[in-house]
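Terminal number for the sequence shown in the working numbering: 161, no gaps in between.
The beta-carbon is built from N, C-alpha and C at its ideal position, and this holds for glycine as well.
All figures in this text were calculated on a predicted structure; none of them were measured in a lab.
These notes concern the structure reproduced below.
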Amino acid sequence: MKKLTAGVTVGALLASPAVALAGSSHTIVLGRSIGPVKLGQTPAQVQHELGKPAHTYRVSGKIASEDYTPKGLVVSFDTLHKGDPVEMVTATSSTWRTSKGIRTGSTTAQVEHAYSHLRHIVGGLESNQGTPGSVGSRSTLFNFFHGKVQGISVTTVFNDI
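Here's what the structure looks like:
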């Protein structure tokens with residue numbers, strides 16, 4: 001193994017949770033993505049990244065959402081916007097973590113400590129980029145049940161309908 005500095009090996013760095021998360025494909029990026037699923041992707045792009053969903057829900061023949069239960073993800077699409085882009089991705093498994101290590105099962109105190117800028121909403125804490133509810137705004141929602149994160153959703157607004 002190569003030495004980097006002062007006796008620190010590459011293996012030791014990769015074992016570090018902070019370093020491992022930075023390049024992890026299981027990282028939640030607030031207001032942007034969960035793992036390989038990015039806001040704005042098409043259903044075909046999501047299926048290319050995740051494979052066949054466990055369940056597909058359609059509205060007027062269009063894919064409205066896909067459930068990737070084994071992977072701990074649910075993806076929702078905006079069927080009113082051209083290309084049916086991803087408007088929300090929800091992580092329901094502790095496999096998915098933010099760069100600060102917040103995941104399903106983290107406590108309210110842990111989330112508040114990691115992200116002091118979050119605002120309280122009914123059932124959770126939310127981070128907004130842009131004016132909430134306006135076209136182009138993005139948000140990340142930490143949903144709680146009995147003081148622990150039950151799910152983490154990354155969303156955007158494509159339509160103001």
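Could you please give the first and the last residue of the uninterrupted alpha helix (DSSP H) stretch that includes residue 113? 108-114
Shorter than 8 Å from the beta carbon of residue 123 to some beta carbon of chain D? Among the protein chains of the structure shown there is no chain D, as only one such chain exists.
Going by beta carbon distance, what residues of the same chain come within less than 7 Å of residue 63, once the five residues before and after it are set aside? 43, 56, 77 and 84
If we count the other Cβ atoms within 10 Å of its Cβ and call it buried at 16 or more, is residue 86 buried or exposed? buried
Within 10 Å of its beta-carbon, does residue 153 have 16 or more other beta-carbons around it, so buried, or fewer, so exposed? buried
Output the boundary residues of the beta strand (DSSP E) element that contains residue 73. 73-77
What does a CB cutoff of less than 8 Å around residue 150 pick up in its chain, not counting 5 residues either side in sequence? 92, 104, 143 and 144
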